[in-house]
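To convert a position in the sequence shown, counted from 1, into my numbering, add 275.
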Amino acid sequence: MKNHVLHGKKIILGVCGSIAAYKSAYLVRLLVKAGAEVQVVMTTSAIDFISPLTLATLSKKPVLHQYVKNSAGEWNNHVALGLWADLVLIAPATAHTIAKLANGLCDNLLSAVYLSARCPVFIAPAMDLDMYQHGSTRHNLQRLQSYGNTIIAAEWGELASGLEGQGRLAEPEEIAQRLEKHFQQEEEGQKGTFQGKKVLITAGPTYEDIDPVRFIGNHSTGKMGFALAEAAAEAGAEITLVCGPVHLQTQHPRIRRINVRTAEEMYEQCRLHFTSQDVAIFAAAVADYKPAQVSSQKIKKKETEMALPLTKTVDVALSLGKEKKAGQFTVGFALETEHEQQYALDKLRKKQLDMIVLNSLNDEGAGFGHDTNKIMLFGKDGSQQEFPLKSKQELAKDIIAQISLKINA
Numbered sequence: 276m277k278n279h280v281l282h283g284k285k286i287i288l289g290v291c292g293s294i295a296a297y298k299s300a301y302l303v304r305l306l307v308k309a310g311a312e313v314q315v316v317m318t319t320s321a322i323d324f325i326s327p328l329t330l331a332t333l334s335k336k337p338v339l340h341q342y343v344k345n346s347a348g349e350w351n352n353h354v355a356l357g358l359w360a361d362l363v364l365i366a367p368a369t370a371h372t373i374a375k376l377a378n379g380l381c382d383n384l385l386s387a388v389y390l391s392a393r394c395p396v397f398i399a400p401a402m403d404l405d406m407y408q409h410g411s412t413r414h415n416l417q418r419l420q421s422y423g424n425t426i427i428a429a430e431w432g433e434l435a436s437g438l439e440g441q442g443r444l445a446e447p448e449e450i451a452q453r454l455e456k457h458f459q460q461e462e463e464g465q466k467g468t469f470q471g472k473k474v475l476i477t478a479g480p481t482y483e484d485i486d487p488v489r490f491i492g493n494h495s496t497g498k499m500g501f502a503l504a505e506a507a508a509e510a511g512a513e514i515t516l517v518c519g520p521v522h523l524q525t526q527h528p529r530i531r532r533i534n535v536r537t538a539e540e541m542y543e544q545c546r547l548h549f550t551s552q553d554v555a556i557f558a559a560a561v562a563d564y565k566p567a568q569v570s571s572q573k574i575k576k577k578e579t580e581m582a583l584p585l586t587k588t589v590d591v592a593l594s595l596g597k598e599k600k601a602g603q604f605t606v607g608f609a610l611e612t613e614h615e616q617q618y619a620l621d622k623l624r625k626k627q628l629d630m631i632v633l634n635s636l637n638d639e640g641a642g643f644g645h646d647t648n649k650i651m652l653f654g655k656d657g658s659q660q661e662f663p664l665k666s667k668q669e670l671a672k673d674i675i676a677q678i679s680l681k682i683n684a
């Protein structure tokens with residue numbers, strides 16, 4: 276089926292030790308029939324429920340279930356598998372495997388592939404209803420979602436235990452349709468309104484030196500800005516990412532990364548590229564103040580209090596807003612602890628932004644250091660939209676989608 280959206284897609288199917296493993300045979304058949312290339316990776320307990328021979332015959336590939344292939348020292352390279360795949364699907368996913376993945380435990384080939392994967396991951400749980408509703412399972416599923424994984428919720432029905440409730444593995448047709456929808460949206464994004472657009476994004480903190488040892492900074496990790504860069508790149512844009520000191524890696528080939536340290540350095544790099552950009556997203560947590568003087572030597576501790584005179588840093592968004600040309604769309608971020616909406620709207624007007632993203636440190640799971648966020652979007656046209664707590668990757672897609680709607684309105 277050459278015209279099918281799954282044609283040529285490389286999919287790793289992880290199969291765990293559940294009675295629902297019998298459905299994986301039909302799932303493989305559906306994916307292969309649609310033109311996908313399927314590599315099955317089983318846990319050792321899954322072998323008790325379905326034969327590797329069955330899945331190998333249907334997938335037309337040897338089934339993998341352990342690191343070492345043979346006594347000659349050949350092994351199944353989990354890193355290579357993670358890089359090879361366009362998507363990882365774990366179905367059925369047991370409570371045991373879900374707990375391991377949520378906590379980064381890596382004691383078998385499937386969990387190693389999961390931790391090595393750079394592609395989207397879909398997880399379809401299957402277990403008895405009490406296990407599925409248990410607080411630890413719900414917590415682990417929420418954690419996996421916060422990492423950017425997609426959960427295909429278990430269905431309601433008769434279970435192997437004889438009980439009836441939620442816990443059945445979603446039907447293979449439903450799972451296949453979810454994958455089709457994912458790749459369809461991905462293709463539409465690549466052909467969408469951001470195709471060929473140039474987008475400038477700032478991310479992370481800035482550090483302002485006090486002396487050779489100390490600096491003024493903040494707790495920003497850059498996760499939101501990097502997620503925005505990935506989402507915009509996936510939508511077809513060419514990204515210039517100007518980021519402060521962070522421990523994150525860029526992956527998309529359309530992202531050009533420029534590392535800076537101070538607010539002044541961030542401003543200078545943004546100024547060099549700003550006029551050629553269609554969209555600018557100021558997601559960095561730029562330090563507001565810096566020491567009036569930087570000591571060339573470490574400042575020694577004194578018995579009395581020390582006063583540190585500070586001066587304002589350059590306001591990147593405000594300064595570039597004054598250079599904004601017709602047709603450019605600019606987006607700012609506001610992280611607040613009080614009077615959140617008022618302060619966000621003030622920044623929207625003052626910095627001549629088209630949209631501002633508000634998040635509050637008063638919301639659990641939002642702000643610095645988290646893999647999740649909860650935001651509100653305000654447009655200069657008076658529009659307002661709220662998004663619930665979800666992974667920063669998912670929110671980044673929401674923000675990019677809203678920008679797309681605005682610039683094509």
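Note that the Cβ used here is the ideal one computed from N, Cα and C, for glycine as well.
Taking only the alpha-carbon atoms, compute the straight-line gap between residue i and residue j and give it to the nearest angstrom.
{"i": "K308", "j": "F469", "result": "32 Å"}
{"i": "G479", "j": "Q668", "result": "15 Å"}
{"i": "K344", "j": "L330", "result": "18 Å"}
{"i": "I491", "j": "A392", "result": "36 Å"}
{"i": "Q441", "j": "F458", "result": "27 Å"}
{"i": "E613", "j": "K655", "result": "21 Å"}
{"i": "N383", "j": "Q452", "result": "29 Å"}
{"i": "K285", "j": "L516", "result": "29 Å"}
{"i": "E349", "j": "K336", "result": "17 Å"}
{"i": "Y389", "j": "H494", "result": "28 Å"}
{"i": "M406", "j": "T369", "result": "10 Å"}
{"i": "R529", "j": "L306", "result": "29 Å"}
{"i": "L680", "j": "E509", "result": "16 Å"}
{"i": "F653", "j": "V474", "result": "20 Å"}
{"i": "D323", "j": "D646", "result": "36 Å"}
{"i": "L434", "j": "R443", "result": "6 Å"}
{"i": "E439", "j": "W431", "result": "7 Å"}
{"i": "K597", "j": "K626", "result": "8 Å"}
{"i": "M317", "j": "F549", "result": "49 Å"}
{"i": "N534", "j": "F501", "result": "13 Å"}
{"i": "L358", "j": "I287", "result": "11 Å"}
{"i": "S551", "j": "E539", "result": "20 Å"}
{"i": "E448", "j": "Q617", "result": "48 Å"}
{"i": "S635", "j": "I678", "result": "21 Å"}
{"i": "K665", "j": "Q420", "result": "8 Å"}
Relative to the alpha-carbon of residue i, which residue among the options has its alpha-carbon at the smallest distance?
{"i": "P327", "options": "C291, L356, E312", "result": "C291"}
{"i": "G602", "options": "N493, K456, L434, L628", "result": "L628"}
{"i": "M581", "options": "L503, V606, I485, Q552", "result": "I485"}
{"i": "L585", "options": "K577, A567, T579, S594", "result": "A567"}
{"i": "I556", "options": "G497, Y564, D563", "result": "G497"}
{"i": "I682", "options": "D673, N648, F604", "result": "F604"}
{"i": "A558", "options": "S320, A592, T579", "result": "A592"}
{"i": "V632", "options": "Q660, R546, F501", "result": "Q660"}
{"i": "I373", "options": "W359, Q417, L339", "result": "Q417"}
{"i": "S436", "options": "G657, E639, A295", "result": "A295"}
{"i": "G423", "options": "N634, I398, R304", "result": "I398"}
{"i": "I450", "options": "N352, Y301, T319", "result": "Y301"}
{"i": "I279", "options": "L380, G310, M630, N378", "result": "Looking at the sequence itself, residue 279 is His, so the reference to Ile does not match. Nearest of L380, G310, M630, N378 to H279, Cα basis: G310."}
Does the Cβ of residue i have 16 or more other Cβ atoms within 10 Å, making it buried, or fewer, making it exposed?
{"i": "D403", "result": "buried"}
{"i": "I574", "result": "exposed"}
{"i": "E505", "result": "buried"}
{"i": "H282", "result": "exposed"}
{"i": "S571", "result": "exposed"}
{"i": "S244", "result": "Residue 244 falls outside the range modelled here, since the chain spans only 276 to 684, and no answer is possible."}
{"i": "V354", "result": "exposed"}
{"i": "E312", "result": "buried"}
{"i": "T412", "result": "buried"}
{"i": "N648", "result": "buried"}
{"i": "P663", "result": "exposed"}
{"i": "Y542", "result": "buried"}
{"i": "N637", "result": "exposed"}
{"i": "L339", "result": "buried"}
{"i": "G607", "result": "buried"}
How about residue i: is its Cβ closer than 6 Å to a heavy atom in the ligand ADP?
{"i": "E312", "result": "Because no ligand of any kind appears in the structure shown, any question about the ligand ADP cannot be addressed here."}
So residue i and residue j are in contact, right, with Cβ under 8 Å, and what is the actual spacing, rounded?
{"i": "A671", "j": "L503", "result": "5 Å"}
{"i": "K565", "j": "T588", "result": "5 Å"}
{"i": "V363", "j": "V396", "result": "5 Å"}
{"i": "A401", "j": "S299", "result": "10 Å between Cβ atoms; not a contact."}
{"i": "A562", "j": "E483", "result": "5 Å"}
{"i": "P520", "j": "R536", "result": "6 Å"}
{"i": "A445", "j": "I427", "result": "5 Å"}
{"i": "L595", "j": "R546", "result": "7 Å"}
Self-check item: Complete alpha helix (DSSP H) runs within the region 538-591 (minimum length 4 residues, chain order)
Solution: 538-549
Quiz prompt | beta strand (DSSP E) runs contained entirely in the region 341-403, provided each spans 3 or more residues | solution = 362-368, 396-400
Practice problem: Pick out the complete alpha helix (DSSP H) segments inside the region 446-531, 4 residues or longer, and give them in chain order. | Solution: 447-465, 498-509
Exercise. Within the region 402-434, note down every full beta strand (DSSP E) run reaching 3 residues or more, in order along the chain.
Key: 430-433
Quiz item: Can you give, in chain order, each stretch of the alpha helix (DSSP H) that sits fully within the region 606-676 and has at least 4 residues?
Solution: 615-625
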